[in-house]
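Student: The following block contains the structure, expressed as structure tokens.
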Amino acid sequence: MADKMMTADEAVSRLRSGMTLGIGGWGSRRKPMALVRALLRSDVTDLTLVSCGGPDVGMLAAAGRVRRLVTAFVTLDSVPLEPNYRAARESGSLELTEVDEAMFLWGLRAAAHRLPFLPVRAGIGSDVLRPGSGLRTVTSPYEDGEVFVAMPALRLDAALVHLNRADRRGNGQYLGPDPYFDDLFCEAAAEAYVSCERVVDTAELTKAAAVQTLLVKRHTVTGVIEAPSGAHFTSCDPDYARDDAFQKHYATTPWPRFAERFLGGDERAYRAAVRSWREADR
Amino acid sequence: MSRSPSRAPGAPAAPPSRAEYCVIACAEAWRGAGEILASPMGTVPSVGARLARLTFAPDLLLTDGEALLIGADGTVEGWLPYRQHLALVAGGRRHVMMGASQLDRFGNQNISRIGGGSPPRRQLLGVRGAPVNTLNNPTSYWVPRHSRRVFVEKVDMVCGVGYDNAARHPATARFHDLRRVVSDLGVFDFGTPDGSMRLVSVHPGVTVREVREATGFPLAVPEEVPCTREPTEEELLLIREVIDPAGLRGREVPEGAGR
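Line by line, the protein sequences are chains A and B.
When we follow this note's numbering, the leftmost residue of the first sequence carries the number 40, and every step to the right adds one.
When we follow this note's numbering, the leftmost residue of the second sequence carries the number 996, and every step to the right adds one.
As structure tokens, then:
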């Protein structure tokens, strides 16, 4: 039986510059931040990110690792606009393929189903379809003759997601109210890395929670990473809420200073730096 | 003017604030909507949707702002994670009231960026679900500070589809339906022959001239412009004591601020 346990650094060492990388979660919710921090410690760069964007996008953009972003939005939720993302966009260093939320979902579904595209009634008449977007339309072959956006499959070289629990084989469980699109990210990717708050025995997954919480199936997972507080400072319901005070600090601190203070070492050093910030600065 | 949430029995209620007229105007967007999802974005539309549900639109569905459908008293009655929310949009049984960084005379809306070139002058949120919303279910807009910066001749990026763009794609846009725009100055719709914006009512204390001066395009104005209707006593009580006792609506639309 395959044991897929690895460290965050081992997972990231399997990624290459230039990859198309899907990042799960949504905005500032259940983002695989420990994996993003590992990515920031590596020299992987020139990435195309596919993400319902939050601080994952902001941090990787601030560190100059992102060439292109495919998204419908980037937000910190309690801070509506992501400052590092905005700075990267306004300086022209970050290309954007902007799609609607439904187009994004349909694109992941197309990739998961190995389809080249899926038709979606979204985007027509709006500027997501402007010249240069690369998006094309498709006409219904039936009597209605309607025209839709042919949303291309969002195929991923790799996906990073964070869940509440997983077993060593890659069965992943969410315990909060929303699965977001994490299963689809894994299904759309050639390789998927699942970090989780706690690795448990398979039998334990369904002891206290319904079987419907088993979101990610092991045949779509390459590596499992145990990362307690691995979504910090985004939310990871019901294990913890978003750390809004720290997120505000992130959003108001110049990136070099933030990176130096919190991201210079490994994950343990990060947690220690956050603890000392909490004691000293609040 | 200070207002305490509860007043002594028999004491006269404070007159409606501007924010409360805005709440009423937003609530009216969902009158007669039936058993559909109301998706309000922003404080005033959220108070308005809950008011509609507690009074004249009892069958509305509402969420907790995340993944749960909740009853008037907060009881969970269903599950609506993002992926199902997007399926519900495609099915059309929803009326969303979105914000707008820019809105033009045909109802094209922008929440993505300021500046049409590359790079953008200001990067904003992104298109979010505005394209799918406007092609699939009734859509209204809420603008807490009516100004020429928001009401522009031409938006820098079309996120929400307006009537001129919808007219170019009649088959795909067969469910396109912009219902109303509510601002801190008044209520607007697109009930003109060419689908351009029209003034429907001004909030008490606002003049038509004030609205015209704060709008960056020619606005259709009927000869008689009524005032936004008065809240009933029951509605005022619900707004002040049940739905928004902390007065968050007044933060979005401060009384007499900035004009």
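Ideal placement from N, C-alpha and C gives every residue a C-beta, glycine not left out.
Remember, predicted model here, so these are calculated numbers, not experimental data.
#1: With distance defined between alpha-carbon atoms, name the residue in ARG1088/B, SER1096/B, ARG1045/B, GLY1037/B nearest to GLU1236/B.
#2: Excluding sequence positions up to five away, which residues of its chain have a Cβ less than 8 Å from the Cβ of GLU1250/B?
#3: Does any CB atom of chain A fall closer than 7 Å to the CB of THR1187/B?
#4: Could you check the C-alpha separation between LEU154/A and ALA311/A for me, to the nearest Å?
#5: Just to confirm the assignment, what range does the beta strand (DSSP E) spanning ALA229/A have?
#6: Just tell me which of LEU1233/B, PRO1240/B, GLY1060/B has its CA closest to the CA of PHE1051/B.
#7: Using the Cα positions of ARG998/B and ASN1160/B, report the straight-line distance between them to the nearest angstrom.
#8: Would the segment 1175-1190 of chain B and the segment 297-312 of chain A be scored as touching if the rule is three or more Cβ pairs under 8 Å?
#9: Report the option in ARG1116/B, ARG1048/B, ALA1095/B, LEU1083/B whose CA atom is closest to the CA atom of PRO1139/B.
#10: Report buried or exposed for GLU121/A, applying the criterion of at least 16 other Cβ atoms within 10 angstroms of its Cβ.
#11: Report all residues from its chain with a CB closer than 6 Å to the CB of ARG1117/B; omit the five preceding and five following residues, and keep chain order.
#12: Going straight from the alpha carbon of LEU1049/B to that of PRO1115/B, what length do you get?
#13: Which chain A residues sit within Cβ distance under 9 Å of ARG1140/B?
#14: Mind pulling the chain A residues with CB within less than 7 Å of ALA1161/B?
#15: Report buried or exposed for GLY41/A, applying the criterion of at least 16 other Cβ atoms within 10 angstroms of its Cβ.
#16: Let me know if GLU299/A comes out buried or exposed under the rule of 16 or more other beta-carbons within 10 Å of its beta-carbon.
#17: I want to know whether the segment 239-252 of chain A touches the segment 1082-1091 of chain B - three or more CB-CB distances under 8 Å.
#18: What's the gap between the Cα of GLY269/A and the Cα of SER81/A?
#19: Can you list the residues of chain A that LEU1063/B reaches, using a CB-CB cut of under 7 Å?
#20: Quick test of the definition: if touching needs 3 or more C-beta pairs under 8 Å, does the segment 214-222 of chain A touch the segment 189-197 of chain A?
#21: So, helix, strand or coil for SER997/B, using DSSP?
#22: Ordered along the chain, which non-local residues of its own chain (more than five positions away) have a Cβ less than 7 Å from that of VAL1018/B?
#23: So which of VAL75/A, PRO170/A, GLY57/A has the shortest CA-CA distance to ALA101/A?
#24: Can you list the residues of chain A that ALA1166/B reaches, using a CB-CB cut of under 8 Å?
#25: Quick check on the DSSP output: the beta strand (DSSP E) that includes GLY1073/B runs from which residue to which?
#26: LEU144/A lies in the alpha helix (DSSP H); which residues open and close that run?
#27: Answer yes or no: does any C-beta atom of chain B fall closer than 7 Å to that of GLY173/A?
Tutor: Taking the definition as stated:
#1: Position 241 of the second sequence holds residue 1236/B. When only C-alpha atoms are compared, the closest one is ARG1045/B.
#2: The residue given as residue 1250/B occupies position 255 in the second sequence. Same-chain partners within the cutoff: MET996, SER1012, ARG1013, ALA1014.
#3: The residue you call residue 1187/B lines up with position 192 of the second sequence. With 7 Å as the cut-off, THR1187/B does not count as an interface residue toward chain A.
#4: Locating residue 154/A in the first sequence gives position 115, where the first residue counts as 1. Locating residue 311/A in the first sequence gives position 272, where the first residue counts as 1. Rounded to whole angstroms, LEU154/A to ALA311/A spans 46 Å at the Cα level.
#5: The sequence position of residue 229/A within the first sequence is 190, counting from 1. 228-238 is the span of the beta strand (DSSP E), which, as asked, contains ALA229/A.
#6: One-based indexing of the second sequence puts residue 1051/B at position 56. Checking every option, the nearest Cα to that of PHE1051/B belongs to LEU1233/B.
#7: Here residue 998/B refers to the residue found at position 3 of the second sequence. Here residue 1160/B refers to the residue found at position 165 of the second sequence. With a pLDDT of 46 at ARG998/B, under the threshold of 50, the modelled position of this residue cannot be trusted, and the question is left open.
#8: No, they do not touch.
#9: The residue given as residue 1139/B occupies position 144 in the second sequence. For PRO1139/B, the nearest C-alpha among the options comes from ALA1095/B.
#10: For this step, residue 121/A is matched to residue 82 along the first sequence. Buried: at least 16 other Cβ atoms inside 10 Å.
#11: Locating residue 1117/B in the second sequence gives position 122, counting from the first residue. The beta carbon of ARG1117/B lies closer than 6 Å to those of ILE1109 in the same chain, with the five residues before and after it left out.
#12: Along the second sequence, read from residue 1 onward, the residue named residue 1049/B stands at position 54. Along the second sequence, read from residue 1 onward, the residue named residue 1115/B stands at position 120. Whole-angstrom Cα-Cα distance: 43 Å.
#13: Against the second sequence, residue 1140/B aligns to sequence position 145. Neighbours of ARG1140/B on chain A: none; closest Cβ ~15 Å, over 9 Å.
#14: The count along the second sequence starts at 1 and reaches residue 1161/B at position 166. Ordered by position in chain A, the residues that pass the 7 Å Cβ test against ALA1161/B are GLY164.
#15: In the first sequence, the residue the question calls residue 41/A occupies position 2. Going by the sequence as given, residue 41/A is Ala instead of Gly. Exposed, since its Cβ has fewer than 16 Cβ neighbours within 10 Å.
#16: By 1-based counting over the first sequence, the position of residue 299/A is 260. It is exposed - the Cβ of GLU299/A has fewer than 16 other Cβ atoms within 10 Å.
#17: No, because fewer than three Cβ pairs between the segment 239-252 of chain A and the segment 1082-1091 of chain B fall closer than 8 Å, the two stretches do not touch.
#18: The count along the first sequence starts at 1 and reaches residue 269/A at position 230. The count along the first sequence starts at 1 and reaches residue 81/A at position 42. When only Cα atoms are considered, GLY269/A and SER81/A end up about 17 Å apart.
#19: Taking the first residue of the second sequence as position 1, residue 1063/B is located at position 68. Per Cβ cutoff of 7 Å: PRO216.
#20: no
#21: By 1-based counting over the second sequence, the position of residue 997/B is 2. Low confidence applies here, because SER997/B scores a pLDDT of 44, under 50, leaving its location unreliable and the question unanswered by this model.
#22: Looking up residue 1018/B in the second sequence gives position 23. Closer than 7 Å at Cβ, skipping near neighbours: VAL1039, VAL1042, GLY1043, LEU1046, ILE1234, ARG1244.
#23: Working through the first sequence from its first residue, we reach residue 101/A at position 62. For ALA101/A, the nearest C-alpha among the options comes from VAL75/A.
#24: The residue you call residue 1166/B lines up with position 171 of the second sequence. The answer, in chain order, is ASP183, GLY184, GLU185, VAL186.
#25: Along the second sequence, read from residue 1 onward, the residue named residue 1073/B stands at position 78. GLY1073/B -> beta strand (DSSP E) spans 1071-1074.
#26: Position 105 of the first sequence, counted from the start, is the residue given in the question as residue 144/A. First-last of the alpha helix (DSSP H) with LEU144/A: 140-151.
#27: In the first sequence, residue 173/A corresponds to position 134, counting from 1. Judged by the 7 Å Cβ criterion, GLY173/A is not in contact with chain B.
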